[in-house]
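Chemist:
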Amino acid sequence: METGIIPPNLHYTRPQESSKAIIDGKLKVVTEPTPWNGGYAGISSFGFGGVNCHLILKHNPKNKIKNGAPSDNLPRLVTVSGRTEESVKVFLDDIEKHSALNVDIEYINLIHSVYSENILDHLYRGFTIVGSENSECTIKEIENYLETPRPIWFVFSGIGSQWPGMGADLMKFPVFAEAIKKCDAVLQPRGVDIINIVTSKDKTIFDNILHLFVGIAAVQIGLVDLIKSIGIVPNNIIGHSTGELGCAYADECFTAEQTILSAYLKGLAFIETEVIYGLMAVVSLGYNDVKDICPSDIDVACHNSSDSSIISGPADSMKELLAQLQAKQIFVKEVPCSNIPYHSRYVAPVGSKLLSYLKKIIPEPKPRSSKWVSTSVPRNKWSIASAKLSSAEYHTNNLLSPVLFEETARMIPKNAVTIEIAPHGILQEILRQSLGSEVTNIALTQSGYRDNVEVLLQAIGKLYNAGLQPNIASLYPSVEYPVSRGTPMISPSIRWNHSDDWFTVSYKTQTLYTSERIIALSLENEETEYISGHVIDGKNLIPATAYLILVWQTMGMLEGSENMYSELSVVFEDISFIRATHMPKNGDLELRVMVQKDSGRFEVTENDTAVVTGIIRIVTNPVQEKILPEFVPEDDEEEVMNTKDIYKELKLRGYQYSGAFRSLKSATKSGRKGHIGWMGNWAMFLDNMLQILILELDTRKLFVPTKIRKIVIDTKLHQQEIRNLNPKDRQIAVYVNKYLDTIVSGGVEICNVKAMGIPRRLPAGDPVLEEYKFVAHRDGAQVSLKEAISLSIQIALEYYQTIHVNTIELIHDSDNITETKLASPIITEILGDLPLIQAKVYLSAPFNRFNDNLFPNVTAKDINNVSKEENILFAVGVELLSINKKHQLNQILLKLKNDGFILTREKSSKKISTASKYNLDVILEKNTGEETLILLKKKAQLCRKTDIIYINNDEFTWLEKLNSLMNAEDRIDDKMRIILVSEGDLENGLLGFVNCLRKEPGGEVIRSILIQDTEAPKFSLQNPLYSEQLQLDLPINVLRPGKIWGSYRHLLLSSLQPKLVRHAYVTQMVITIPLTYAGLSGLRRCGLHHAFH
39 METGIIPPNL HYTRPQESSK AIIDGKLKVV TEPTPWNGGY AGISSFGFGG VNCHLILKHN
99 PKNKIKNGAP SDNLPRLVTV SGRTEESVKV FLDDIEKHSA LNVDIEYINL IHSVYSENIL
159 DHLYRGFTIV GSENSECTIK EIENYLETPR PIWFVFSGIG SQWPGMGADL MKFPVFAEAI
219 KKCDAVLQPR GVDIINIVTS KDKTIFDNIL HLFVGIAAVQ IGLVDLIKSI GIVPNNIIGH
279 STGELGCAYA DECFTAEQTI LSAYLKGLAF IETEVIYGLM AVVSLGYNDV KDICPSDIDV
339 ACHNSSDSSI ISGPADSMKE LLAQLQAKQI FVKEVPCSNI PYHSRYVAPV GSKLLSYLKK
399 IIPEPKPRSS KWVSTSVPRN KWSIASAKLS SAEYHTNNLL SPVLFEETAR MIPKNAVTIE
459 IAPHGILQEI LRQSLGSEVT NIALTQSGYR DNVEVLLQAI GKLYNAGLQP NIASLYPSVE
519 YPVSRGTPMI SPSIRWNHSD DWFTVSYKTQ TLYTSERIIA LSLENEETEY ISGHVIDGKN
579 LIPATAYLIL VWQTMGMLEG SENMYSELSV VFEDISFIRA THMPKNGDLE LRVMVQKDSG
639 RFEVTENDTA VVTGIIRIVT NPVQEKILPE FVPEDDEEEV MNTKDIYKEL KLRGYQYSGA
699 FRSLKSATKS GRKGHIGWMG NWAMFLDNML QILILELDTR KLFVPTKIRK IVIDTKLHQQ
759 EIRNLNPKDR QIAVYVNKYL DTIVSGGVEI CNVKAMGIPR RLPAGDPVLE EYKFVAHRDG
819 AQVSLKEAIS LSIQIALEYY QTIHVNTIEL IHDSDNITET KLASPIITEI LGDLPLIQAK
879 VYLSAPFNRF NDNLFPNVTA KDINNVSKEE NILFAVGVEL LSINKKHQLN QILLKLKNDG
939 FILTREKSSK KISTASKYNL DVILEKNTGE ETLILLKKKA QLCRKTDIIY INNDEFTWLE
999 KLNSLMNAED RIDDKMRIIL VSEGDLENGL LGFVNCLRKE PGGEVIRSIL IQDTEAPKFS
1059 LQNPLYSEQL QLDLPINVLR PGKIWGSYRH LLLSSLQPKL VRHAYVTQMV ITIPLTYAGL
1119 SGLRRCGLHH AFH
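Last residue of the sequence shown: 1131 in the numbering used here, with the numbers rising by one and none dropped.
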């Protein structure tokens, strides 16, 4: 049918005697290549299994015209994907080979059709361009594709992107040409030939400012139409300078007519208004650097990036400044702007005229969508009504205001794909430098290139490689199917990925001749190791649903080897779970399954003790057995809980699931619906259905199933549901109907589950109960000795992010300290309550002063034997600020690590001023009623450099500055500080943020000020209130009203104290737990307590 030749049959010599039709000449066996003029042909197939088939085919009469050559002069972009890089390369090579002499548009269109949609698991993508007359070599690229969706950002450039002949090549694309013709129809009555403007090679064409504006706008309109015609739609849109006109068109706020007229009127307003002779130039300095070196008559017009700006001003002043910058080896480049200093104060006179013009063509402005992020309005003013509309006022302001591209471009995600839509990609270098290597930046055009058709096609190919799915066939004239005879076949170009080994499925078919079966379960067995993930209240139990699967398997075996159990639709009824069975870590657990073939009654036993009983029967029409054959709830409650949320909640109730038993992927807060991941294991799937029922219960009690009235399993429906799922993420919806007490998912319906609440096992240790509150540092408030030591240790550990803590307490002969008043045992207790801390607590005291056995976690060690390398973080002494204790204080200072802490127990606070003589700062001052505790710290070194960052919860531009400071190569310096300041925001997350930051590499330079006083002066390093506090070098500093400095600390909750009452009641409760789950917690005796009053 393809060649017009019937191929001969092999090895035929003569017909059989019974073939009378052949002998009589009614039929002929073809033994030589025989010409065939087409028509119908029949094909018969006879199968060994008795299946016979007859097919009638009609040949394709369509012949190739000019070998399939295109009628246009456009090169063909072809994109393909494959599982391996080799498969893509081979396919592209075949395409190039077939197109070497002549491009067959039908062959190309077939490939366009095949790859018009993403093909799962094709991890490599590539493209080639064939049929190009101007290309010196074949354009071909292959990239790895991670199948991760990426946000698409349209970037519209502005002034400076124009160049002579910028649209000439693009006019070959019908969509682009049609867009330019629409613009021409609008501008011709006004005496403007837009086709000539975008195609002319005259180098002076854009000296006319009107030509500049309409030329850029027309090309952007054409490119937007073209890129949208191939199905590429942006997630966000951003414009630079007059590029925001392109944003308005792409956002559908403007029609093509409004867009091109707005550009025309901008140019007209400038022609009609006298503006100084100016200049614009790109400077390789960021806004913060360039603003301070600009003379008073020069403005920063565009904030491009942290190391690029555009300055604008009078020509003479500009030339003088540019010469100075070049002398300092700073890169500068003039921007072609027709000698108009855009985005500066000098174009303000144009504003009123332009506004009146634009209002005539934008009578009812449309709101800007959330896709369009503004670069002409500061982000803190985006919520203002005027900023929300694509109005005459908005676009007038765009021309008069500086371009805030750097500030807005920070919103572009790290994995984005940016598409620059302009006559030339002038922002490519800025985007590459400011957005990072993970962002893919693609410009659709390029000035001065020999053929911009190739540039555009190559850009679309790169978009495909980046993960987008352009409908490339839309770029070209349509092809009529079926394609002509002689079109090359695609299948020989396909290559398979043979890197994985696959095993043939082996079914172990067993036929059961008796109704009893003994099964050995083991966690070491690959088929049953999944049970290790079913842990309830700390015990590894066999799931209730696993017993049912064993019964189901046994029933399948009774039916004979030809039927696999998972193909049998069954109904379970009157199921009772009598007792739980613990799964041993080692060895086998033997269960006995008995099924009565006639009645279907079954029993599962362990050690001759019944575990589960019920009834099972095979059904041919499971739909009739269901209460809700097609139940889908009508409510639209969102499934806000993810896997982590669900199993955190279940863990709090006592269910410590792991592995595939954590297959609930999402659920509503009410627990009425969700999604279960299908792992191919029926026991785990049914268990996850029961889990969502538990989730629906509004209680933190531990529940286990004891009875189920009915379970219907429709295997055919379930398999059909699975086939309809996404192979990459197989999730089956699950619904709960609480009124009918039914759970439905896939082909399974579970009715009337009875669950019983059981007591939980008591935790192994007592919890540490604490409160988190503000504590003033130097108020002299009365606290207990333990609380004062706890506060001091928390401050020290906050300063030093370490898990290895060495402390020492120094007791002198003259110190009136008894064993009960020692600090070391208290330090041991406090550090013991902190997770991960590994502590060494030393006590240096006179020989035989204390009984060492009283303090098992305290080591007696003379301070003279403590080496400097032991890094003592925290030291305690008695009256160390008194004159006669000078030697002891110096001993401690010698052993203390830099910036270490000393807690001294003084009789009063009168000697605090002495601390400065020893180069010590006072951090904390508290009173126990018997003594004053003063926390001291070695004075910090003076900071070489301090960076201030003001943070708030409303906007997060400060994060970029913080990130750059944290990642600066010269940042790691103990004399540098980054201070985070929050003022006017009483509910700020600064404290937790700082704690996290200080755990990051280089986080030791972070300090913070949280001002919780609305009357406090504005933060300034020159204000002693702040500068003196920062000299203490504490990571966290909180200011409260009354100029009180402190921090938030964890303090132990005080124990409830017994008190006399008039009446007391005691209720005696008898706990009855069925034998079923008694093993989970153990039975407890409840005694009766007497009340006296």
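Cβ coordinates follow ideal geometry from the N, Cα and C atoms, glycine included.
So, is L158 buried or exposed, given that buried needs 16 or more other C-beta atoms within 10 angstroms?
Modeler: Indexing the sequence shown from 1 puts residue 158 at position 120. Under this definition L158 is an exposed residue.
Chemist: Within 10 angstroms of its Cβ, does S300 collect 16 or more other Cβ (buried), or is it exposed?
Modeler: Locating residue 300 in the sequence shown gives position 262, where the first residue counts as 1. S300 comes out buried.
Chemist: Using CA atoms only, rank isn't needed, just tell me which of P743, G169, S429 and S412 is closest to L579.
Modeler: Taking the first residue of the sequence shown as 1, we reach residue 579 at position 541. The shortest C-alpha separation from L579 is found at P743.
Chemist: Name the residue from Q471, G638 and S522 whose alpha carbon lies nearest to the alpha carbon of S553.
Modeler: Taking the sequence shown and counting its residues from 1, the one referred to as residue 553 is at position 515. Here the closest residue by C-alpha is G638.
Chemist: Can you give the Cα-Cα distance for E295 and K1037, rounded to whole angstroms?
Modeler: Translated into positions along the sequence shown, residue 295 becomes position 257. Translated into positions along the sequence shown, residue 1037 becomes position 999. Those two C-alpha atoms are separated by around 57 Å.
Chemist: Which residues bound the alpha helix (DSSP H) around R761?
Modeler: Here residue 761 corresponds to residue number 723 of the sequence shown, with the count starting at 1. Where R761 is concerned, the enclosing alpha helix (DSSP H) stretches over T753 to R761.
Chemist: When you compare only the Cα positions, how much space is there between K100 and N172?
Modeler: In the sequence shown, the residue the question calls residue 100 occupies position 62. In the sequence shown, the residue the question calls residue 172 occupies position 134. Each residue's Cα considered, the two are about 32 Å apart.
Chemist: Would you list the residues sitting across from I1086 in a DSSP beta bridge?
Modeler: For this step, residue 1086 is matched to residue 1048 along the sequence shown. Note on identity: in this sequence residue 1086 is Tyr, with Ile being the wrong assignment. DSSP lists F812 as partners of Y1086.
Chemist: On a CA-only basis, which of M39, N1075, G915 and Y384 is nearest I1047? Give me that one, please.
Modeler: In the sequence shown, counting from the first residue as 1, residue 1047 sits at position 1009. Ranking M39, N1075, G915 and Y384 by Cα distance to I1047 puts N1075 first.
Chemist: Measure from the alpha carbon of D110 to the alpha carbon of each residue in E155, P45, P515 and E134, then state which is nearest.
Modeler: For the purposes of this step, residue 110 is identified with residue 72 of the sequence shown, where counting begins at 1. When only C-alpha atoms are compared, the closest one is P515.
Chemist: Can you tell me which of K999, S951 and L848 puts its alpha carbon nearest to the alpha carbon of I940?
Modeler: For this step, residue 940 is matched to residue 902 along the sequence shown. For the residues K999, S951 and L848, the minimum Cα distance to I940 belongs to L848.
Chemist: So what does DSSP say about T995, is it helix, strand or coil?
Modeler: Here residue 995 corresponds to residue number 957 of the sequence shown, with the count starting at 1. Correct three-state label for T995: coil.
Chemist: Name the DSSP beta bridge partners of Q769, please?
Modeler: Your numbering for residue 769 matches position 731 in the sequence shown. Partner(s): G715.
Chemist: Do three or more CB pairs link the stretch 562-569 to the stretch 670-689 at distances below 8 Å?
Modeler: Counting Cβ pairs under 8 Å, fewer than three are found: no touch.
Chemist: Verify whether the separation of the beta carbon atoms of A460 and Q757 is less than 8 Å.
Modeler: Counted from its first residue, the sequence shown places residue 460 at position 422. Counted from its first residue, the sequence shown places residue 757 at position 719. No, they are not a contact pair.
Chemist: Can we say the stretch 112-130 touches the stretch 475-484, given the rule of at least three CB pairs closer than 8 Å?
Modeler: As far as the Cβ criterion goes, the stretch 112-130 does not touch the stretch 475-484, which means the pair count is below three.
Chemist: Among residues of its own chain, excluding the 5 on either side of R887, which ones have a beta-carbon nearer than 7 Å to its beta-carbon?
Modeler: Against the sequence shown, residue 887 aligns to sequence position 849. Excluding residues within five positions, the ones whose Cβ falls inside 7 Å are I849.
Chemist: Beta-carbon separation of D142 and H136 under 8 Å?
Modeler: Here residue 142 is taken as the residue at index 104 of the sequence shown, counted from 1. Here residue 136 is taken as the residue at index 98 of the sequence shown, counted from 1. Yes, Cβ-Cβ distance for D142 and H136 is below 8 Å.
Chemist: Assign Y78 to one of three DSSP states: helix, strand, or coil.
Modeler: The residue given as residue 78 occupies position 40 in the sequence shown. Residue state, collapsed to three classes: strand.
Chemist: In angstroms, rounded to a whole number, what distance separates the CA positions of L393 and A430?
Modeler: Taking the first residue of the sequence shown as position 1, residue 393 is located at position 355. Taking the first residue of the sequence shown as position 1, residue 430 is located at position 392. C-alpha separation (whole angstroms): 6 Å.
Chemist: CB V236 to CB I457, shorter than 8 Å?
Modeler: On the sequence shown, residue 236 is found 198 positions in, with the first residue counted as 1. On the sequence shown, residue 457 is found 419 positions in, with the first residue counted as 1. Cβ atoms of V236 and I457: not closer than 8 Å.
Chemist: Please list the segments of the beta strand (DSSP E) lying wholly inside the stretch 151-198, counting only runs of 3 or more residues, in order along the chain.
Modeler: Fully enclosed beta strand (DSSP E) runs of 3 or longer: 162-168, 177-182 and 190-194.
Chemist: Can you grab the Cα-Cα spacing for the pair M39 / P530, in whole Å?
Modeler: Translated into positions along the sequence shown, residue 39 becomes position 1. Translated into positions along the sequence shown, residue 530 becomes position 492. Straight-line Cα distance between these residues: approximately 19 Å.
Chemist: Which value, in whole angstroms, describes the spacing of the CA atoms of K933 and C981?
Modeler: For the purposes of this step, residue 933 is taken as the residue at position 895 of the sequence shown. For the purposes of this step, residue 981 is taken as the residue at position 943 of the sequence shown. Taking the straight line joining both Cα atoms gives about 24 Å.
Chemist: So, is E1021 buried or exposed, given that buried needs 16 or more other C-beta atoms within 10 angstroms?
Modeler: For this step, residue 1021 is matched to residue 983 along the sequence shown. E1021 is buried by the Cβ-count criterion.
Chemist: Can you list the beta strand (DSSP E) stretches of 3 or more residues lying completely in the stretch 819-855, in chain order?
Modeler: Those beta strand (DSSP E) runs which fall completely within the stretch 819-855 and span 3+ residues are 842-848.
Chemist: Could you check the C-alpha separation between K689 and M727 for me, to the nearest Å?
Modeler: What you label residue 689 is simply residue 651 of the sequence shown in a count that begins at 1. What you label residue 727 is simply residue 689 of the sequence shown in a count that begins at 1. Rounded to the nearest angstrom, the two C-alpha atoms are 17 Å apart.
Chemist: Count the other C-beta atoms from every protein chain shown that fall within 10 angstroms of the C-beta of V879, then say buried if there are 16 or more, exposed otherwise.
Modeler: In the sequence shown, counting from the first residue as 1, residue 879 sits at position 841. Buried, because 16 or more other Cβ atoms sit within 10 Å of the Cβ of V879.
Chemist: Enumerate, from N- to C-terminal direction, the unbroken beta strand (DSSP E) stretches of 3 or more residues contained entirely within the stretch 278-352.
Modeler: Whole beta strand (DSSP E) segments, 3+ residues: 316-321, 337-343 and 346-352.
Chemist: Do you know how far the Cα of A793 is from the Cα of A1116?
Modeler: Reading the sequence shown from its first residue, position 1078 is the one you call residue 1116. Reading the sequence shown from its first residue, position 755 is the one you call residue 793. Reliability fails at A1116, whose pLDDT of 45 lies under 50, so the model's placement of it is uncertain and no value is given.
Chemist: Taking K623 as the reference, give the member of I587, Q591, H572 and T643 with the closest Cα.
Modeler: Your numbering for residue 623 matches position 585 in the sequence shown. Per the Cα distances, H572.
Chemist: Grouping DSSP H, G and I as helix and E and B as strand, with all else coil, what is L980?
Modeler: Within the sequence shown, numbered from 1, the residue matching residue 980 stands at position 942. L980: coil per DSSP, three-state reduction.
Chemist: Looking at the structure shown, is V573 part of a helix, part of a strand, or coil, going by DSSP?
Modeler: Here residue 573 corresponds to residue number 535 of the sequence shown, with the count starting at 1. In the structure shown, V573 sits in a strand (DSSP, three-state: E or B).
Chemist: The beta strand (DSSP E) with D937 in it runs from where to where?
Modeler: Translated into the one-based positions of the sequence shown, residue 937 becomes position 899. Residues L934 to E944.
Chemist: G915 to T942, Cα distance in whole Å?
Modeler: Against the sequence shown, residue 915 aligns to sequence position 877. Against the sequence shown, residue 942 aligns to sequence position 904. Straight-line Cα distance between these residues: approximately 5 Å.
Chemist: What first and last residue would you give for the beta strand (DSSP E) that runs through R1015?
Modeler: Taking the sequence shown and counting its residues from 1, one reaches residue 1015 at position 977. That run of the beta strand (DSSP E) goes M1014 to E1021.
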